[in-house]
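Going by the UniProt record's numbering, the sequence shown opens with residue 1, and the numbers climb by one from there.
Glycine included, C-beta positions come from ideal geometry on N, C-alpha and C.
This structure is a prediction, so every number in the text was calculated from the model and none was measured.
Notes to accompany the following structure.
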Amino acid sequence: PLLSRCLLVQDTKSVQRAENMFKKALASESENIIAQIGLANLLLRKADKEKGTQSLEESLTYYKKVLRSCPTVPADVRLCIALIFQRLNFVDKARDAFERVLELDNENVTARVGLALLDLNNRENLHYDEKEIVQRAMKLLEEAFFIDPFHPMVLVHLANHYFISGTDNGREKSLLFAIRAFNSAKSNRVKAEARFMSGRALYYSGDVQTASDHFEEALSLWKEFPLALLGHGQCMISTGDLKSAESIFDSLHQLVPGSIFVIKCLGSLQSATGNRASAIKMLKRATELDDSDPYSLMLLGEQLQTETAEPKLLETKKLFEKSVAAFKS
Numbered sequence: 001p002l003l004s005r006c007l008l009v010q011d012t013k014s015v016q017r018a019e020n021m022f023k024k025a026l027a028s029e030s031e032n033i034i035a036q037i038g039l040a041n042l043l044l045r046k047a048d049k050e051k052g053t054q055s056l057e058e059s060l061t062y063y064k065k066v067l068r069s070c071p072t073v074p075a076d077v078r079l080c081i082a083l084i085f086q087r088l089n090f091v092d093k094a095r096d097a098f099e100r101v102l103e104l105d106n107e108n109v110t111a112r113v114g115l116a117l118l119d120l121n122n123r124e125n126l127h128y129d130e131k132e133i134v135q136r137a138m139k140l141l142e143e144a145f146f147i148d149p150f151h152p153m154v155l156v157h158l159a160n161h162y163f164i165s166g167t168d169n170g171r172e173k174s175l176l177f178a179i180r181a182f183n184s185a186k187s188n189r190v191k192a193e194a195r196f197m198s199g200r201a202l203y204y205s206g207d208v209q210t211a212s213d214h215f216e217e218a219l220s221l222w223k224e225f226p227l228a229l230l231g232h233g234q235c236m237i238s239t240g241d242l243k244s245a246e247s248i249f250d251s252l253h254q255l256v257p258g259s260i261f262v263i264k265c266l267g268s269l270q271s272a273t274g275n276r277a278s279a280i281k282m283l284k285r286a287t288e289l290d291d292s293d294p295y296s297l298m299l300l301g302e303q304l305q306t307e308t309a310e311p312k313l314l315e316t317k318k319l320f321e322k323s324v325a326a327f328k329s
């Protein structure tokens, strides 16, 4: 009865309550495989909303217990283990696990996508040339598409591939795949990724307003999605709404405080909107991180140019000299 209640609660939004009930069930029957799988699955879903890896690692522990108790479990259990390895960046273990899934279930789409992403995201560690790696990854994605032409993650990654091709035809294909992915997806995050992909394709085709709408929709589904924020900010810059762009890049900076690119963009926007004190602070940070960027050096020099104190004037002079030297190099 307790396990039945666990499974019912798991289908509600009471994640913590379901987790507590699963753990209570396991406290009375520690080797109950259904409870172990239920708790592992719950923790894996919980990890999507967390920044750390605690729930991922705990989920992995329970999936491994299941595998030890019953090595003949369905391929989906091994698939979850592979996905956790992938998210924890255990590349070799993830690859082995995905390949084992395909041995058990040759038509598993998610395993093919996982292997393709491992290839594309770890190219520098593979003993193949760039072209061969991309071809191998595309073969896996095309096989996955043939098996399930409406699988949202397959469509998202095909959309990304065709966009990166850089051709007008590639961007048109990217838009079509992204729209189909959005319509097929159930997860808000996958929907957000699909909307980002369609927004990006629209932006580069010149339809800035529709692109902006797509980026906004992506952010309504996943408010802390850095790429969608970046896209939306670029749209605001393109339309001349620099105040909105500054606000968006400020939010982006909160999410990725170590990004030199974002720091430079934010400093530049603050300069353009007259937010002088913030611009000086941000541009100083940009030049500390990269003192070879002539644009940041020049902008900082311009912001300090109005200072009349001799030390500030000397600092401004040095910045302009470094900027000129950087341009020449």
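- request: Go through its chain and collect everything with a Cβ distance to Thr308's Cβ below 7 Å, but skip five positions before and after it.
  value: The sequence position of residue 308 within the sequence shown is 308, counting from 1. Unreliable positioning characterises Thr308 in this predicted model, as indicated by a pLDDT of 46, which lies under 50. A coordinate reading is not provided.
Segment limits, alpha helix (DSSP H) that includes Cys80: For this step, residue 80 is matched to residue 80 along the sequence shown. It spans 75-87 - the alpha helix (DSSP H) in which Cys80 sits, taken as one unbroken run.
message: Three or more C-beta pairs under 8 Å: does that hold for the segment 30-37 against the segment 46-59?
response: no
- request: Could you have a look at Ala181 and say whether DSSP puts it in helix, strand or coil?
  value: Residue mapping note: residue 181 aligns to position 181 of the sequence shown, counting from 1. Reduced to three states, the DSSP call for Ala181 is helix.
- prompt: Once you ignore the five residues that flank Arg87 on each side, which residues in its own chain have a CB closer than 7 Å to its CB?
  reply: The count along the sequence shown starts at 1 and reaches residue 87 at position 87. Correct list, in chain order: Leu56.
query: Are Pro152 and Ala194 touching if we call contact CB-CB under 8 Å?
result: Along the sequence shown, read from residue 1 onward, the residue named residue 152 stands at position 152. Along the sequence shown, read from residue 1 onward, the residue named residue 194 stands at position 194. Yes; because the gap between Cβ atoms is below 8 Å, this pair is in contact.
message: Is it the case that the segment 103-111 contacts the segment 70-82, given that we only count it when at least three CB pairs across the two stretches are under 8 Å?
response: yes
field: Contact under 8 Å by Cβ, Cys235 with Tyr204
entry: Taking the sequence shown and counting its residues from 1, one reaches residue 235 at position 235. Taking the sequence shown and counting its residues from 1, one reaches residue 204 at position 204. Against a cut-off of 8 Å, the Cβ pair of Tyr204 and Cys235 comes out as no contact.
message: Rounding to the nearest angstrom, what Cα-Cα distance links Asn192 and Leu289 in this structure?
response: Sequence index remark: in the sequence shown, residue 192 carries index 192 (1-based). Sequence index remark: in the sequence shown, residue 289 carries index 289 (1-based). Reading the sequence as shown, one finds Ala at residue 192 and not Asn. Roughly 31 Å separates the two Cα atoms.
query: When you compare each of Ser251, Phe150, Ile263, Leu269 to Ile237 by their alpha carbons, which one comes out closest?
result: In the sequence shown, counting from the first residue as 1, residue 237 sits at position 237. Looking at the Cα atoms, Leu269 is the closest of the given residues.
Reduced DSSP category for Val256 - H, G, I as helix; E, B as strand; rest coil: Translated into positions along the sequence shown, residue 256 becomes position 256. In this structure, Val256 counts as coil in the three-state DSSP scheme.
query: For Tyr63, is the classification buried or exposed, using 16 other Cβ atoms within 10 angstroms of its Cβ as the cut-off for buried?
result: Numbered from 1 along the sequence shown, position 63 holds the residue referred to as residue 63. Tyr63 comes out buried.
Endpoints, the alpha helix (DSSP H) within which Cys235 is located: The residue given as residue 235 occupies position 235 in the sequence shown. It spans 226-239 - the alpha helix (DSSP H) in which Cys235 sits, taken as one unbroken run.
message: Would Arg189 and Trp222 qualify as a contact pair, given that the criterion is a beta-carbon distance under 8 Å?
response: Along the sequence shown, one-based indexing puts residue 189 at 189. Along the sequence shown, one-based indexing puts residue 222 at 222. For Arg189 and Trp222, yes; Cβs fall inside 8 Å.
query: The alpha helix (DSSP H) spanning Arg189 covers which residue range?
result: Residue 189 sits at position 189 when you count from the first residue of the sequence shown. Start and end: 188-204.
task: Can you have a look at Lys264 and say buried or exposed, based on whether 16 or more other CB atoms are within 10 angstroms of its CB?
output: In the sequence shown, the residue the question calls residue 264 occupies position 264. Lys264 is buried by the Cβ-count criterion.
query: Any contact of the segment 131-141 with the segment 96-108, i.e. 3+ C-beta pairs under 8 Å?
result: no
query: Applying the criterion that 16 or more other CB atoms from any shown protein chain within 10 Å of the CB defines a buried residue, is Ile164 buried or exposed?
result: Start at 1 with the first residue of the sequence shown, and residue 164 comes out as number 164. Under this definition Ile164 is an exposed residue.
message: Let me confirm a value: Gly240 is counted as buried when at least 16 other C-beta atoms fall within 10 Å, else exposed. Which label applies?
response: Here residue 240 corresponds to residue number 240 of the sequence shown, with the count starting at 1. Gly240 is exposed by the Cβ-count criterion.
query: Cα separation between Leu102 and Leu300?
result: The residue labelled residue 102 in the question sits at position 102 within the sequence shown. The residue labelled residue 300 in the question sits at position 300 within the sequence shown. Approximately 55 Å between the Cα atoms of the pair.
- prompt: If we count the other Cβ atoms within 10 Å of its Cβ and call it buried at 16 or more, is Tyr128 buried or exposed?
  reply: Along the sequence shown, one-based indexing puts residue 128 at 128. Exposed, because fewer than 16 other Cβ atoms sit within 10 Å of the Cβ of Tyr128.
field: Residue closest to Ala245, alpha-carbon to alpha-carbon, out of Pro257, Val262, Asn89, Val256
entry: In the sequence shown, residue 245 corresponds to position 245, counting from 1. For the residues Pro257, Val262, Asn89, Val256, the minimum Cα distance to Ala245 belongs to Val262.
Per-residue burial, Thr287 [other beta carbons within 10 Å of its own, 16 or more giving buried]: Residue mapping note: residue 287 aligns to position 287 of the sequence shown, counting from 1. Buried: at least 16 other Cβ atoms inside 10 Å.
field: Ala277 burial status per 10 Å Cβ neighbour count (16 or more: buried)
entry: Locating residue 277 in the sequence shown gives position 277, counting from the first residue. Exposed is the call here.
- request: Mind checking which residues open and close the alpha helix (DSSP H) that includes Asp119?
  value: Looking up residue 119 in the sequence shown gives position 119. Note, Asp119: alpha helix (DSSP H), 109-121.
Simplified DSSP assignment, three categories, for Gly166: Walking along the sequence shown from the start, residue 166 turns up at place 166. Coil at Gly166, not helix or strand.
message: Restricting to runs no shorter than 4 residues, where is the alpha helix (DSSP H) found entirely within the segment 9-61?
response: 15-28, 33-47
- prompt: Can you give the Cα-Cα distance for residue 330 and Val208, rounded to whole angstroms?
  reply: No answer is possible for residue 330: the residues shown for the chain start at 1 and end at 329.
task: Compute the beta-carbon to beta-carbon distance between Leu219 and Ala201, rounded to the nearest angstrom, for a pair I have assumed lies under 8 Å.
output: On the sequence shown, position 219 is the one that residue 219 refers to. On the sequence shown, position 201 is the one that residue 201 refers to. Their Cβ separation, rounded to whole angstroms, is 17 Å, which puts Leu219 and Ala201 out of contact at 8 Å.
message: Rounded to whole angstroms, what is the Cα-Cα separation between Ser212 and Thr167?
response: Position 212 of the sequence shown, counted from the start, is the residue given in the question as residue 212. Position 167 of the sequence shown, counted from the start, is the residue given in the question as residue 167. Looking at the two C-alpha atoms, the distance is approximately 21 Å.
query: Which value, in whole angstroms, describes the spacing of the CA atoms of Gln303 and Lys284?
result: Looking up residue 303 in the sequence shown gives position 303. Looking up residue 284 in the sequence shown gives position 284. Gln303 and Lys284: Cα-Cα distance of roughly 11 Å.
Sequence-distant residues of the same chain with beta carbon closer than 8 Å to Ile248, five excluded per side: Mapped onto the sequence shown, residue 248 falls at position 248. Cβ neighbours of Ile248 beyond the five flanking positions: Leu229, His232, Gly233, Met236.
message: By alpha-carbon positions, which one of Met282, Glu29, Ser198, Gly274 ends up nearest to Asn183?
response: One-based indexing of the sequence shown puts residue 183 at position 183. Taking only the C-alpha atoms, the option nearest Asn183 is Ser198.
Nearest-angstrom beta carbon gap, Asp148 and Val156 [assumed within contact, 8 Å]: Sequence index remark: in the sequence shown, residue 156 carries index 156 (1-based). Sequence index remark: in the sequence shown, residue 148 carries index 148 (1-based). The Cβ separation is near 13 Å, so there is no contact.
message: Is the beta carbon of Asp250 closer than 8 Å to that of Leu266?
response: On the sequence shown, residue 266 is found 266 positions in, with the first residue counted as 1. On the sequence shown, residue 250 is found 250 positions in, with the first residue counted as 1. Yes, Cβ-Cβ distance for Leu266 and Asp250 is below 8 Å.
message: Which of the three DSSP states is assigned to Pro294 in this structure?
response: Here residue 294 is taken as the residue at index 294 of the sequence shown, counted from 1. If DSSP states are grouped into helix, strand and coil, Pro294 belongs with the helices.
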